[in-house]
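In this note's numbering, the protein residues as written are -5 to 132.
We treat Cβ as the ideally placed atom computed from N, Cα and C, and that holds for glycine.
Working notes for the structure below.
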Amino acid sequence: MILADPFVHKEEKKRAIDSAAEKLKCGSITKNFFELISENGRMLEVEKILECFKKLMAAHHGELVCEVTSAKPLDASTQTSLHSVLQGFTKGGHKLHINYKVDPELIAGITVSLGDHYIDMSAASKIDQYSKIMESVL
-5 MILADPFVHK
5 EEKKRAIDSA
15 AEKLKCGSIT
25 KNFFELISEN
35 GRMLEVEKIL
45 ECFKKLMAAH
55 HGELVCEVTS
65 AKPLDASTQT
75 SLHSVLQGFT
85 KGGHKLHINY
95 KVDPELIAGI
105 TVSLGDHYID
115 MSAASKIDQY
125 SKIMESVL
């Protein structure tokens, strides 16, 4: 990627951004954002920056994003029940958005990431805990 290459001159990067912004019909704020990121050598961090921005905007709009990871896909009724339970943990007025992921390495159970809270109810974490206990005893 030309924008992440430290050996490419800043003016060439700026021309590339201007050209892309024109073709994609981006506004000046978007164009300036990418120019700033490029100038500071952070083009490889764009995805992380945008993810943080999405979280800030969701919070600004009274939305709370939750990530639920399960060992197997959850059926619709389980998702509905889980949504109701998790909505009960949020402060009034917040709209809850749940992103569901599947990770077979959990073996069974789920993990929940909600705001600053992380709950691990997976079989993999229990096995890991018991293994550590056994190792410390032996």
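Can you give the beta carbon distance from residue i to residue j, rounded, assuming they're within the 8 Å contact cut?
i    : j    : result
A102 : S125 : The Cβ separation is near 16 Å, so there is no contact.
L38  : A65  : Rounded, the Cβ-Cβ distance is 32 Å, inconsistent with contact.
L136 : V62  : This structure cannot speak to residue 136, because the chain is shown only from -5 to 132.
Verify whether the separation of the beta carbon atoms of residue i and residue j is less than 8 Å.
i    : j    : result
G35  : P0   : yes
I191 : A10  : Look at the range of the chain in this structure, -5 to 132, and you will see that residue 191 is not part of it.
A118 : L100 : yes
L108 : L80  : yes
L68  : Y94  : yes
E29  : K42  : no
K4   : D12  : no
Considering only DSSP beta bridges, list what residue i is partnered with.
i    : result
V40  : DSSP output for V40 lists no bridge partner at all.
G103 : S116
L108 : C60, H111
For residue i, is the classification buried or exposed, using 16 other Cβ atoms within 10 angstroms of its Cβ as the cut-off for buried?
i    : result
T105 : buried
K48  : exposed
C60  : buried
S32  : buried
Output the boundary residues of the beta strand (DSSP E) element that contains residue i.
i   : result
N93 : 89 to 96
Taking the alpha helix (DSSP H) that residue i falls in, what are its first and last residues?
i   : result
F1  : Segment: none, F1 is in no alpha helix (DSSP H) and carries neither H nor E.
H77 : 70 to 82
L30 : 22 to 33
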